[in-house]
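In the numbering used here, the protein residues as written are 48 to 480.
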């Protein structure tokens, strides 16, 4: 008997999910626990594994459709069963809707899966080489129109996926022919800024992640009275410490030594001295949190996510580094659980990794503050020795910004908080493990 593939419930508070990408198509063999499709919810993006081994028999819910949890979205047949056993039927699930029962089976877009019962045989006969190329229906349509073997086209998308730009560039390089299509393109793989990767002039819908980000940013601006302050920090001591120890640290602990745990540790120490910065608003009351749950913003190819390092105040330096690395890696590979992106009490974001001198970040609700880390650069600074003599020296400098909610945090408190973070970093004495 075929095995149903269902929309999983990714957390108690999540009741629906959007299928953003099928990683297999009808007729493909799948192994149990192999990534089968990707979903997006209000909390996380995740790869969903196959519930059984066999052959993907049919896809009942197309990419872009939103359905309730436990809805059957496809089926897997045992090896040897007919993939075309079920006829295609009914229209697709209505996008962004929450049906009360599982939607009727549908066929995928014609460019991807023919709707006739012999769909697997036809696809294999006419596009045998293309079956193994990860690409969108639009890309395969262009390939058929121009008689291109997709196996020859290098893919630059996630997991080697062939994008519209890849096949366009391939055509222009091989024959000088510009490709134009009259049909509206589907959402393309996301660029590093979270916007759809597309050709100028195209009109494409926001992906699910971008919609959520837009909604949350507007809500935060409307909720908190945003104010920012910025401090210049001499990071020379820490830069020298890291350069001296990074190789031995990685060999000893099995993880890279980055700058982020230094900033996190300095923030945690200071948050314990200024609990109002680690608080949140609940109605007309203030919630002072017992622990520091540190949100760490991670930039992804398809948007932004803030995984949370719970009880970060209980971790030493090595524990922070391991936790940061683990959350970042699982965010990029869509392995985070819903509870791992909830419950932050303070957030750190790092625009400096892309070269920004500093940023003015928006508060991650319901936090009352967020610290932005700028790029680390060398600059001339006035240095005063123990005898009070001044000199000019080349120092490693970083600019830290605190975005805070003026409803709870006064400017004097914010400045005192950042002054203490600066002092901790400039006079670093803690063992790094």
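Beta carbons: idealized from backbone N, C-alpha and C, even for Gly.
Which residues in the same chain as residue i place their Cβ atom closer than 8 angstroms to its Cβ, once the five residues preceding and following it in sequence are excluded?
i, result
"residue 466", "278"
"residue 482", "Limits of the chain in this structure are 48 at one end and 480 at the other, which puts residue 482 out of reach."
"residue 360", "315, 318, 319, 338 and 339"
"residue 225", "Here the model assigns residue 225 a pLDDT of 36, short of 50, so the residue's position is not dependable and the matter cannot be decided."
"residue 321", "460, 463, 464 and 467"
"residue 269", "none"
"residue 63", "54, 88, 113, 114, 115, 116 and 145"
"residue 388", "90, 91, 352, 353, 354 and 355"
At what residues does the alpha helix (DSSP H) containing residue i begin and finish?
i, result
"residue 257", "255-270"
"residue 249", "Counting along the chain, residue 249 falls outside any alpha helix (DSSP H), and DSSP gives it neither H nor E."
"residue 367", "364-379"
In its own chain, which residues sit with a C-beta less than 6 angstroms from the C-beta of residue i, not counting the 5 before and 5 after it?
i, result
"residue 85", "67, 68 and 94"
"residue 56", "116"
"residue 231", "Because residue 231 carries a pLDDT of 34, less than 50, the predicted location of this residue cannot be relied on, and no value is offered for it."
"residue 271", "410 and 452"
"residue 340", "355, 357, 390, 391 and 392"
"residue 313", "468, 471 and 472"
"residue 50", "98, 99 and 123"
"residue 374", "354"
"residue 408", "396, 417, 419 and 450"
Per DSSP, what kind of secondary structure is residue i in: helix, strand or coil?
i, result
"residue 116", "coil"
"residue 482", "Not covered by the structure: residue 482. The range shown for the chain is 48 to 480."
"residue 448", "strand"
"residue 347", "strand"
"residue 440", "strand"
"residue 50", "strand"
"residue 478", "coil"
"residue 388", "helix"
"residue 58", "coil"
"residue 74", "coil"
"residue 186", "helix"
"residue 419", "strand"
"residue 84", "strand"
"residue 63", "strand"
"residue 279", "strand"
"residue 111", "coil"
"residue 456", "coil"
"residue 215", "helix"
"residue 220", "helix"
"residue 356", "strand"
"residue 122", "strand"
"residue 68", "strand"
"residue 144", "Low local confidence applies: a pLDDT of 40 at residue 144 is under 50, so the model's placement there is unreliable, with the coordinate-based value given in what follows. Of the three classes helix, strand and coil, the one that applies to residue 144 here is coil, per DSSP."
Assuming residue i is part of the beta strand (DSSP E), what are its boundary residues?
i, result
"residue 426", "424-431"
"residue 101", "101-106"
"residue 393", "393-396"
"residue 92", "92-96"
"residue 406", "Looking at the DSSP string, residue 406 is not in any beta strand (DSSP E), and its letter there is neither H nor E."
Excluding the 5 residues preceding and the 5 following residue i in the sequence, name in chain order all residues of the same chain whose CB lies nearer than 7 angstroms to its CB.
i, result
"residue 255", "65, 67 and 87"
"residue 308", "364, 367, 368 and 371"
"residue 317", "464, 467, 468 and 471"
"residue 58", "90, 385 and 386"
message = Could you tell me which whole beta strand (DSSP E) segments of length 3 or greater appear in the region 282-343?
response = 326-329, 332-335 and 341-343
task = Indicate whether the contact test is met: 3 or more Cβ pairs, each with one atom in the region 320-330 and one in the region 298-307, closer than 8 angstroms.
result = no
query = Using 8 angstroms as the Cβ pair cut-off and three pairs as the minimum, do the region 428-448 and the region 380-388 touch?
reply = no
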